[in-house]
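The structure appears below as structure tokens.
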Amino acid sequence: MSMAFDKVLDARGLACPMPIIKARQEINTLQPEKVLKVLSTDRGSVKDFQGWAQTAKNITLLAQETEKEDGKEVYVHYVKRVS
Amino acid sequence: MTKQHAQVTEWTVREQKERLDRRANFFILDVRNRDEFSAWKIEGRETPRMLNIPYFEMLEQGGKDDFIESIIAYTSRELVGQLPKDRPIVAVCAKGDTSAYVADGLRQLGYDAVNLQGGMRAWGNFYEINPVTESRELSVYQINRPARGCLSYVIVSDGQAAIIDPLRHIETYLDVTRAKGFRIEQVIDTHGHADHISGGPALAGQLRRPYYLHPYDAIHPIDLLPARVPFEYLRDGQPLAVGKARIQVLHIPGHTLGNVACLLNESFLFTGDSIFINSIARPDLGGRGETWAGLHYHSLRRLLGLPDTVVVLPGHFSSPQEANVDRLFMASLGELKEKNDGLRMTQASEEAFVQYILGSLPEFPPQYVEIKRVNAGLLVVDEEKASELELGKNVCALAHAYKADPT
Numbered sequence: 001m002s003m004a005f006d007k008v009l010d011a012r013g014l015a016c017p018m019p020i021i022k023a024r025q026e027i028n029t030l031q032p033e034k035v036l037k038v039l040s041t042d043r044g045s046v047k048d049f050q051g052w053a054q055t056a057k058n059i060t061l062l063a064q065e066t067e068k069e070d071g072k073e074v075y076v077h078y079v080k081r082v083s
Numbered sequence: 001m002t003k004q005h006a007q008v009t010e011w012t013v014r015e016q017k018e019r020l021d022r023r024a025n026f027f028i029l030d031v032r033n034r035d036e037f038s039a040w041k042i043e044g045r046e047t048p049r050m051l052n053i054p055y056f057e058m059l060e061q062g063g064k065d066d067f068i069e070s071i072i073a074y075t076s077r078e079l080v081g082q083l084p085k086d087r088p089i090v091a092v093c094a095k096g097d098t099s100a101y102v103a104d105g106l107r108q109l110g111y112d113a114v115n116l117q118g119g120m121r122a123w124g125n126f127y128e129i130n131p132v133t134e135s136r137e138l139s140v141y142q143i144n145r146p147a148r149g150c151l152s153y154v155i156v157s158d159g160q161a162a163i164i165d166p167l168r169h170i171e172t173y174l175d176v177t178r179a180k181g182f183r184i185e186q187v188i189d190t191h192g193h194a195d196h197i198s199g200g201p202a203l204a205g206q207l208r209r210p211y212y213l214h215p216y217d218a219i220h221p222i223d224l225l226p227a228r229v230p231f232e233y234l235r236d237g238q239p240l241a242v243g244k245a246r247i248q249v250l251h252i253p254g255h256t257l258g259n260v261a262c263l264l265n266e267s268f269l270f271t272g273d274s275i276f277i278n279s280i281a282r283p284d285l286g287g288r289g290e291t292w293a294g295l296h297y298h299s300l301r302r303l304l305g306l307p308d309t310v311v312v313l314p315g316h317f318s319s320p321q322e323a324n325v326d327r328l329f330m331a332s333l334g335e336l337k338e339k340n341d342g343l344r345m346t347q348a349s350e351e352a353f354v355q356y357i358l359g360s361l362p363e364f365p366p367q368y369v370e371i372k373r374v375n376a377g378l379l380v381v382d383e384e385k386a387s388e389l390e391l392g393k394n395v396c397a398l399a400h401a402y403k404a405d406p407t
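So the sequence lines, in the order shown, correspond to chains A and B.
Quick note: the first sequence uses my numbering, first residue 1, plus one each step.
Quick note: the second sequence uses my numbering, first residue 1, plus one each step.
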């Protein structure tokens, strides 16, 4: 089950706070209405992306999923720039 | 984002515990998300003042691409009145990486800021060992896992040891035996634990010694499946010898059906999850609180029949304030009969007791069902998942044991 997106950020293997720091940088390079798909292996990213999306005014969190890859869980976040 | 992982000043969880114990002056800046912070946080006998600002809020509202610059911008603008300059500030996050940046940023602003090495995960996995009694004939050590409120025990006599309720970081117990030069003969679980992953099977397996459990707790109460871990049956009245010391097993169903207490040399009562210093155990973690409350009542009354001088050594605590001046969680049965609400209700009628229990049940953490599966050998988890299942304080006692959030 996946959504449409315009760019992928592969943050797998990166420890907190890098997934959100990089996601924020990438989102700022996108036009409004574009979607960034972020991959992370940090379980903390699930709640943290939710919290970040609530505090950031220019984005919204469209969806989150968990996928299994080689026995490890990968957390996927779809972030849309709204302004 | 070009900052390297900066040279940070940090302190270890052990150093932090030591500071908490001596009520040192310091302030905690916890940068985890708000849900995690409200689920569990650092506690001490006098918990220091603390502030929770999620790191992504500092990043977003600081408004810079560079994380540390954002921290500096945010702090200068929003936190000046709230962060003290007269004492150290320890930055805390889930694993200790993010908080290192926060400490760095704060130091650049002139604060005396340090990072908690390893973060809350390290705090959650930290253990300390305190002697209850130490002599050639008998030594008893209480092993405390402060973040979770879990207590386990080492009983030593004549160079032989029994471990009661070992937690999953078995190196803790192996290190103690190496340091003090004794041999573990028995590994005992007072019951099938729901709040933490037992190190019993692993420790016993590694040492090729028996792992003792009451057979009623070798059935997962929700799944109704038998355990897949090898174990030796405990039964009521069973004697166990540890060197010259004598343990008598008492079967006290209530918290679980296979719940036992261990009476050592008729003087120390290892109550597991039945009697705690400030409370008593809940009987509903098997999903049958109404049915098991009556069993619990009769079991507790049986324990209350022991002499008042017997010293209770519980399996959990809800608050660090339950410890005595020597950092030990222990009290005589006589003292608890008077001060412990749960035990006072046990001295009332069964009906009143059951009402009291059913009105005092805290929330049921969903991971408790999974933890019991792990303990029964029905589910295998890796270190990451194990750590995650065990996050947070134990909720084994009745609701009044949990004081309102002091901050």
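Every residue gets a Cβ at the ideal spot worked out from N, C-alpha and C, and that includes glycine.
Item	Value
Can you pull the chain B residues whose beta carbon is under 7 Å from the beta carbon of residue 43 (chain A), in chain order?	388
Report the three-state DSSP secondary structure of residue 50 (chain B) (helix, strand or coil).	strand
Is the distance from the Cβ of residue 203 (chain B) to the Cβ of residue 187 (chain B) below 8 Å?	yes
Is it the case that the region 63 to 79 of chain A contacts the region 81 to 97 of chain B, given that we only count it when at least three CB pairs across the two stretches are under 8 Å?	no
Could you tell me the alpha carbon to alpha carbon distance between residue 22 (chain A) and residue 51 (chain B), rounded to whole angstroms?	26 Å
Quick test of the definition: if touching needs 3 or more C-beta pairs under 8 Å, does the region 19 to 35 of chain B touch the region 38 to 56 of chain A?	yes
Does the region 162 to 180 of chain B come into contact with the region 295 to 306 of chain B, if we say contact requires no fewer than three beta-carbon pairs (one atom in each stretch) closer than 8 Å?	no
Alpha carbon to alpha carbon, how far is residue 5 (chain A) from residue 79 (chain A)? Give it in angstroms, no decimals.	9 Å
State whether the region 351 to 369 of chain B contacts the region 282 to 297 of chain B, with contact taken as three or more CB pairs (one from each stretch) at a distance under 8 Å.	yes
Pull up the CB-CB distance for residue 160 (chain B) and residue 183 (chain B), whole angstroms please, since I reckon it's below 8 Å.	6 Å
Let's test the definition: count the other Cβ atoms within 10 Å of the Cβ of residue 32 (chain A) and tell me whether it reaches 16, buried, or not, exposed.	exposed
Report yes or no: is there a C-beta of chain B within less than 8 Å of the C-beta of residue 56 (chain A)?	yes
Using a cut-off of 8 Å between C-beta atoms, extract the partners of residue 94 (chain B) located in chain A.	16 and 44
Buried or exposed, going by whether 16 or more other CB atoms sit within 10 Å of the CB of residue 14 (chain B)?	exposed
Grouping DSSP H, G and I as helix and E and B as strand, with all else coil, what is residue 296 (chain B)?	helix
Should residue 229 (chain B) go down as buried or exposed, given a rule of 16 or more other Cβ atoms within 10 Å for buried?	buried
Does the Cβ of residue 58 (chain B) have 16 or more other Cβ atoms within 10 Å, making it buried, or fewer, making it exposed?	buried
Identify the contact partners of residue 55 (chain B) in chain A, using a Cβ-Cβ distance below 7 Å as the criterion.	17
Check each candidate in B:124, B:153, B:356 and B:119 and name the one with the smallest Cα separation from residue 133 (chain B).	B:153
By the 10 Å Cβ neighbour count, where 16 or more other Cβ atoms means buried, how is residue 16 (chain B) classified, buried or exposed?	buried
Nearest chain B C-beta to residue 68 (chain A) closer than 8 Å, yes or no?	no
With DSSP run on the structure shown, which of helix, strand or coil describes residue 29 (chain A)?	coil
Let me confirm a value: residue 404 (chain B) is counted as buried when at least 16 other C-beta atoms fall within 10 Å, else exposed. Which label applies?	Low confidence applies here, because residue 404 (chain B) scores a pLDDT of 45, under 50, leaving its location unreliable; read the following figure in that light. Result: exposed.
Provide the residue span of the alpha helix (DSSP H) that contains residue 371 (chain B), from first to last.	367 to 375
Let me check you understand the geometry: is the CB of residue 21 (chain A) closer than 7 Å to at least one non-hydrogen atom of the ligand PLP?	Judged by which ligands are present, the structure shown has none, so any question about the ligand PLP falls away.
Would you say residue 25 (chain A) reaches chain B, if we count a Cβ-Cβ gap shorter than 8 Å as a contact?	yes
Is the region 343 to 356 of chain B touching the region 287 to 300 of chain B in the sense that three or more CB pairs, one from each, lie closer than 8 Å?	yes
So residue 243 (chain B) is in the beta strand (DSSP E); what residue range does that whole segment cover?	Neither: residue 243 (chain B) is in no beta strand (DSSP E) and is coded neither H nor E.
Looking at residue 19 (chain A) and residue 40 (chain A), is the spacing between their C-beta atoms short of 8 Å?	yes
Between the C-alpha atoms of residue 156 (chain B) and residue 181 (chain B), what's the straight-line distance to the nearest angstrom?	10 Å
Whose Cβ in chain A lies nearer than 8 Å to the Cβ of residue 67 (chain B)?	17 and 21
When you compare the CB of residue 36 (chain B) with every CB in chain A, is at least one pair closer than 8 Å?	yes
So what does DSSP say about residue 267 (chain B), is it helix, strand or coil?	coil
Compute the Euclidean distance between the alpha carbons of residue 207 (chain B) and residue 245 (chain B), then round it to the nearest angstrom.	21 Å
With distance defined between alpha-carbon atoms, name the residue in B:76, B:124 and B:64 nearest to residue 387 (chain B).	B:124
When you compare each of B:391, B:163 and B:116 to residue 11 (chain B) by their alpha carbons, which one comes out closest?	B:116
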